[in-house]
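Here is the structure we will look at.
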Amino acid sequence: MVDGIIYKALSGFYYVTTATGNLECRARGVFRIQKNSPLVGDYVEVEIDQESDLKGTIVKIKERTVEFKRPAVANVDQALIVFALKNPTPNLNLLDKLLVMCENTGIEPILVLNKHDLDDANFYAEMTKIYEASGYKLIKVSTKVPGGTDALKAVLKDKISVFCGPSGVGKSSILNTVQQGLKLKTGELSEKIQRGKHTTRHTELVALSFGGFVVDTPGFTSLAIDDIEIDVIKACFPEFQARADKCRFDDCLHIDEPGCDVIRSLDDGEIHFSRYQSYKQFIYQKKEDRRKKSW
Ligand code: GDP
Ligand code: ZN
Numbered sequence: 000m001v002d003g004i005i006y007k008a009l010s011g012f013y014y015v016t017t018a019t020g021n022l023e024c025r026a027r028g029v030f031r032i033q034k035n036s037p038l039v040g041d042y043v044e045v046e047i048d049q050e051s052d053l054k055g056t057i058v059k060i061k062e063r064t065v066e067f068k069r070p071a072v073a074n075v076d077q078a079l080i081v082f083a084l085k086n087p088t089p090n091l092n093l094l095d096k097l098l099v100m101c102e103n104t105g106i107e108p109i110l111v112l113n114k115h116d117l118d119d120a121n122f123y124a125e126m127t128k129i130y131e132a133s134g135y136k137l138i139k140v141s142t143k144v145p146g147g148t149d150a151l152k153a154v155l156k157d158k159i160s161v162f163c164g165p166s167g168v169g170k171s172s173i174l175n176t177v178q179q180g181l182k183l184k185t186g187e188l189s190e191k192i193q194r195g196k197h198t199t200r201h202t203e204l205v206a207l208s209f210g211g212f213v214v215d216t217p218g219f220t221s222l223a224i225d226d227i228e229i230d231v232i233k234a235c236f237p238e239f240q241a242r243a244d245k246c247r248f249d250d251c252l253h254i255d256e257p258g259c260d261v262i263r264s265l266d267d268g269e270i271h272f273s274r275y276q277s278y279k280q281f282i283y284q285k286k287e288d289r290r291k292k293s294w
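Take the sequence shown: its position 194, counting from 1, is numbered 193 in numbering that gives the first Met the number 0, and each next residue is one higher.
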């Protein structure tokens with residue numbers, strides 16, 4: 000029996016990387032019966048076949064820490080949310096939405112702020128002020144200066160990471176700098192492949208030469224928070240949660256209630272206005288959706 004991790008799943012075969020090499024595996028039928036099919040990212044136990052030591056059978060799936068839906072992958076340790084400090088300037092509403100998605104999925108987000116070679120106005124300091132206060136980790140990188148992605152490499156090492164963020168911020172450049180030839184399959188590209196070859200779209204983990212894996216398709220490409228309840232959105236702003244105990248009402252939504260400590264912290268500058276603005280916009284959007292549904 001050997002331990003491994005599934006890095007690719009295709010046409011009923013699972014490809015498992017182990018300490019001694021890669022194996023092509025089938026899964027025990029019992030998983031299908033239990034409706035618990037293996038996923039890319041699963042840590043598994045494999046029984047190596049008698050006839051070929053390159054083939055095996057998955058006999059056990061270890062408990063998953065998290066399960067990502069799109070792309071379907073298990074045990075992602077962290078989401079690297081990439082934005083540029085300049086060209087294009089970050090859309091903080093979108094950034095906050097991605098953070099909500101991470102909080103809701105239970106995946107640790109890390110803010111990767113790229114193009115710091117262009118950051119002559121030190122926007123990074125501003126971003127640090129907002130997001131460190133919210134409890135998030137930030138790193139600044141640049142693909143245009145030597146050693147500009149070293150800090151990111153240290154973060155990627157020995158973890159399973161998924162990259163998110165809008166196009167043009169430098170995701171491909173970053174991945175290519177970290178490891179040559181590594182790039183994300185964009186939706187457009189894999190759809191083309193799908194049409195051309197009639198294969199199903201699939202997600203893979205790409206092994207990093209220095210340890211760890213990167214999911215080869217971007218995460219959170221659909222940006223809908225439609226499925227997230229208002230109370231959950233509220234809980235996805237960690238710095239609000241820390242103050243909600245002091246709000247006069249237990250069910251305070253922090254919108255216009257009297258005695259709201261979140262709003263008070265806003266006046267004090269303890270909670271950053273741009274975070275609150277995003278929050279309010281998400282809540283209003285949810286309420287609007289609810290109204291439309293009840294018609
Ligand atoms: P993606 O769409 O997020 O994958 O972004 P790309 O990797 O395609 O990069 C978009 C543009 O930003 C390209 O023209 C890159 O050359 C440029 N770029 C990427 N990283 C940096 C950086 O660190 N500094 C500067 N100045 N430009 C960068
Ligand atoms: Zn409140």
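Quick reminder that beta carbons are idealized off the backbone N, C-alpha and C, glycines included.
Quick caveat: nothing in here was measured; it's all calculated off a predicted structure.
What is the C-beta distance between residue i and residue j, in whole angstroms, given that I count them as a contact (C-beta under 8 Å)?
i	j	result
Leu110	Lys136	7 Å
Pro89	Ile60	That belief does not hold up - the Cβ atoms of Pro89 and Ile60 are roughly 38 Å apart, past 8 Å.
Met100	Phe219	5 Å
Gly40	Ile5	7 Å
Val161	Val75	5 Å
Out of curiosity, what's the CA-to-CA distance linking residue i and residue j?
i	j	result
Lys191	Lys291	Its pLDDT being 48, under 50, Lys191 is placed unreliably in this model, and the coordinates cannot settle the point.
Thr16	Leu22	6 Å
Asp249	Ala243	8 Å
Ala150	Thr142	12 Å
Asn175	Thr148	10 Å
Leu252	Pro108	24 Å
Tyr42	Phe30	14 Å
Just tell me which of the options has its CA closest to the CA of residue i.
i	options	result
Ser98	Arg289, Phe281, Trp294 and Asp288	Reading off the sequence shown, one finds Leu at residue 98, where the question assumed Ser. Among Arg289, Phe281, Trp294 and Asp288, the Cα nearest to that of Leu98 is on Phe281.
Phe82	Lys170, Glu131 and Tyr278	Lys170
Gln179	Val154, Glu256 and Ala206	Ala206
Would you say the beta carbon of residue i comes nearer than 6 Å to a heavy atom of the ligand ZN?
i	result
Cys235	no
His271	no
His298	As displayed, the chain neither begins before 0 nor continues past 294, which places residue 298 out of reach and without an answer.
Cys101	no
Val261	yes
Cys24	no
Does the distance between the C-beta of residue i and the nearest non-hydrogen atom of the ligand GDP fall short of 6 Å?
i	result
Val296	Because the chain spans 0 through 294 in this model, residue 296 falls outside it and cannot be assessed.
Lys143	yes
Asp41	no
Please report the residue range of the alpha helix (DSSP H) in which residue i lies.
i	result
Val99	Leu91 to Thr104
Ile262	Asp260 to Asp267
Tyr123	Phe122 to Ala132
Note the first and the last residue of the continuous beta strand (DSSP E) segment covering residue i.
i	result
Gly28	Taken as a continuous stretch (DSSP letters only), Gly28 belongs to no beta strand (DSSP E), being part of the alpha helix (DSSP H) at Gly28 to Ile32.
Thr56	Lys54 to Ile60
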